[in-house]
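Peer 1: Sending over a structure as structure tokens; questions will come in a sec.
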Amino acid sequence: MLNGWLVLLGDAFFNGSIVLASFAAKLGAANWVVGLLPALLTAGSMVPQVFLAPYVARLPVKVVLYRRMATLRVASLALVAIGGFLLGNRPDLLLWVFVVGLGLNGLFTGFSSLPFWETIAKTIPMERRAALFSMRNLVGGALAFLAGLLVRQVLELPLPFPYPYAILFTLGTLAFAYGWHLFGQIDEPPDREFRSERLSLTLPFRDFYFRRFLRVRVLLAVASMVEPFYAAYAVRNLGHKGEVGIYLMVYTLASVLSNLFWVRLSRRFGSRSLILTGAALGALTPLLALMLPAPSFWLVFALQGVYLSAIGVGTATYLVNLAPTEARSSYIGLSNTIVGLLSFSPVLGGLLADRVGYAGPMLVAAVCYAWALYAGRRLRLLETTAIGQTP
């Protein structure tokens, strides 16, 4: 559990929607680059998974691969932090270092993701998974809230840009490093029998319930085009530069407190309820962002913390529970690869923002979230109908 708390602490310092977006905006990057930075972390970690699925399935102990990738993940983030200290007078080169570092981290995370979920599926019973991730997010989010206080203090230091951000990225790298190390120490039981899982793009698609789930995930991935631009909108259109730390605190606190509710909701109604609730709030938030006055803009980040938490816990738990044991790597790998390709949607959101303003990606995201809510009503309630599939 401690490893998850540290990872969430690291996420606070590398928050793509707030910290990275504000960094890129202050660096003077185009909106499509603002969208690219967090997309590299998400998409890079998902796209390789379908190709890795057969290899991971043949490993009797999956966490071994996770350990090997941890060092490379730490090194890629260290590159980002060091670049912030050394390239302050070369913003063009600094931007490239960030793109390369985050891209490599996303790629190496892609090699770690399947072993992570396989290990979770083998060691945590189905009925406890949603509660586990909710509690993980609850305590880890509390640490991330404290990190928000630190982010605010660091960004207000009398240091020239980008040194305050370099300090934050260094702290994030250290938190990630120890968290990943702790997870790698899990005593994962080896598979009882050899799984010669072949990569099949048709097997998961023959599952009617998988197709329904994938449709919802695709819509949510396209809707995520708006996530980095709340902070960019605040910095560029509202002139909110010193409030980045406050926004991170509000975002984190909302995520933490909402997890108290998600635990009860998932236990009573299943992970599907989290997906539906997250999609509904996701559809509402972009519309509020366009209407709220500047002093009340913090409400946007509060809602963002709530709905992203619900969607994250809900989709991850639902997919692990949906996938049959003998084809789990194929289900997770195929789903994450498709969604990973669509996770570059913030780049499209940035191009749209450059053309028509920030209202463009916000309105498109509202429509996609609403569509995901409509499609998600037909998802199967797995926690009460698939107990027998627990590995």
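Residue 8 is where the sequence shown starts when you use the numbering used here, and the numbers rise one by one after that. Beta carbons: idealized from backbone N, C-alpha and C, even for Gly. None of these values were measured; they are calculated from a predicted model.
Within 10 angstroms of its Cβ, does L297 collect 16 or more other Cβ (buried), or is it exposed?
Peer 2: Classification for L297: exposed.
Peer 1: Straight-line CA distance for F215 to V104?
Peer 2: Using only the alpha carbons, I get a separation of about 43 Å.
Peer 1: By Cβ distance below 6 Å, which residues in the same chain neighbour L27 in space, the five residues on each side in sequence not counted?
Peer 2: Counting only Cβ-Cβ distances below 6 Å, and skipping sequence neighbours, we find L44, P45.
Peer 1: Do you know how far the Cα of A82 is from the Cα of F115?
Peer 2: Computed Cα separation, rounded: 10 Å.
Peer 1: Under 6 Å Cβ to Cβ from W378, same chain only, skipping five residues before and after it: list those, please.
Peer 2: Once the five neighbours on either side are set aside, the close Cβ partners of W378 are L226.
Peer 1: Roughly how many angstroms separate the alpha carbons of L13 and S120, rounded to a whole number?
Peer 2: Their Cα atoms are separated by approximately 17 Å.
Peer 1: For V223 and V251, what's the separation of their Cα atoms in angstroms?
Peer 2: Distance between the alpha carbons of V223 and V251 is about 31 Å.
Peer 1: Apart from the five residues on each side of it in sequence, which residues of its chain come closer than 6 Å, Cβ to Cβ, to Y314?
Peer 2: G285, L288, G289.
Peer 1: Looking only at C-alpha atoms, which of G147, Y185, E163 sits nearest to T78?
Peer 2: The candidate whose alpha carbon is nearest that of T78 is Y185.
Peer 1: So does the segment 16 to 30 actually touch the segment 228 to 237, counting three or more Cβ pairs closer than 8 Å?
Peer 2: Yes: at least three Cβ pairs fall under 8 Å.
Peer 1: So what does DSSP say about K69, is it helix, strand or coil?
Peer 2: It is coil, neither helix nor strand.
Peer 1: Please list, in chain order, all residues of the same chain as S29 whose beta carbon is under 6 Å from its beta carbon, the five residues on each side excluded.
Peer 2: If we look at S29 and ignore the five residues flanking it on each side, its Cβ neighbours are A238, V242, V251.
Peer 1: In three-state DSSP terms, what is N244?
Peer 2: In this structure, N244 counts as coil in the three-state DSSP scheme.
Peer 1: Under 8 Å between the Cβ atoms of G113 and A50?
Peer 2: Contact: yes.
Peer 1: Go ahead and label E212 buried or exposed: buried means 16 or more other beta carbons lie within 10 angstroms of its beta carbon, across all protein chains shown.
Peer 2: Residue identity differs from the one stated: residue 212 is Phe in this sequence, not Glu. So F212 counts as exposed.
Peer 1: Give me the Cα-Cα distance between P165 and L283, rounded to the nearest whole angstrom.
Peer 2: Whole-angstrom Cα-Cα distance: 44 Å.
Peer 1: Taking all protein chains shown into account, decide if R279 is buried (16 or more other Cβ within 10 angstroms of its Cβ) or exposed.
Peer 2: It counts as buried.
Peer 1: Closest by CA to V354, which one among A19, V40, G17?
Peer 2: The candidate whose alpha carbon is nearest that of V354 is V40.
Peer 1: Between which residues of its own chain and Y240 is the CB-CB distance below 6 Å, once the five residues before and five after are set aside?
Peer 2: Here the set comprises Y365.
Peer 1: Using beta-carbon positions only, say whether F123 and Y73 come within less than 8 Å of one another.
Peer 2: For F123 and Y73, yes; Cβs fall inside 8 Å.
Peer 1: Can you name the start and end residues of the alpha helix (DSSP H) that T284 belongs to?
Peer 2: 278 to 298 is the span of the alpha helix (DSSP H), which, as asked, contains T284.
Peer 1: One question on the structure: do F183 and G347 come within less than 8 Å of each other, judged by their Cβ atoms?
Peer 2: Taking 8 Å as the Cβ cut-off, F183 and G347 do not qualify as a contacting pair.
Peer 1: Exposed or buried, which one is R143 when buried takes at least 16 other CB atoms within 10 Å?
Peer 2: Looking at its Cβ environment, which holds 16 or more other Cβ atoms inside 10 Å, R143 is buried.
Peer 1: Can we say the segment 167 to 177 touches the segment 262 to 279, given the rule of at least three CB pairs closer than 8 Å?
Peer 2: With a cut-off of 8 Å, the segment 262 to 279 and the segment 167 to 177 do not count as touching, because too few Cβ pairs lie within range.
Peer 1: Report all residues from its chain with a CB closer than 6 Å to the CB of G95; omit the five preceding and five following residues, and keep chain order.
Peer 2: Closer than 6 Å at Cβ, skipping near neighbours: P169.
Peer 1: For S352, which residues in the same chain have their Cβ closer than 7 Å to its Cβ, ignoring the five residues on either side in sequence?
Peer 2: These residues qualify, in order along the chain: A228, V229, S231, M232.
Peer 1: Which same chain residues, not among the five before or five after F92, have their C-beta less than 6 Å away from its C-beta?
Peer 2: Cβ neighbours of F92 beyond the five flanking positions: A173.
Peer 1: Closest by CA to L255, which one among L157, N38, A360?
Peer 2: Checked all of L157, N38, A360; the closest Cα to L255 is L157.
Peer 1: Using three-state DSSP, classify A382 as helix, strand or coil.
Peer 2: If DSSP states are grouped into helix, strand and coil, A382 belongs with the helices.
Peer 1: By the three-class DSSP mapping on this structure, what secondary structure does L16 have?
Peer 2: Looking at L16 - three-state DSSP - the assignment turns out to be helix.
Peer 1: Specify, as a first and last residue, the run of the alpha helix (DSSP H) that V354 falls within.
Peer 2: It spans 352 to 363 - the alpha helix (DSSP H) in which V354 sits, taken as one unbroken run.
Peer 1: From Y338, G312, D361, pick the residue whose C-alpha is nearest to that of S265; which is it?
Peer 2: The candidate whose alpha carbon is nearest that of S265 is G312.
Peer 1: Kindly indicate which three-state DSSP category P197 falls into: helix, strand or coil?
Peer 2: Correct three-state label for P197: coil.
Peer 1: Please go through the same chain and pick out, in chain order, the residues whose beta-carbon is closer than 7 Å to the beta-carbon of A393, but skip the five residues on each side of it.
Peer 2: Residue placement at A393 is flagged as unreliable, the pLDDT there being 35, under the threshold of 50; a coordinate-derived value is accordingly withheld.
Peer 1: What separation, rounded to the nearest whole angstrom, lies between the Cα atoms of M76 and P368?
Peer 2: Distance between the alpha carbons of M76 and P368 is about 35 Å.
Peer 1: Out of V371, V363, Y258, point me to the one whose CA is closest to A149's CA.
Peer 2: Per the Cα distances, Y258.
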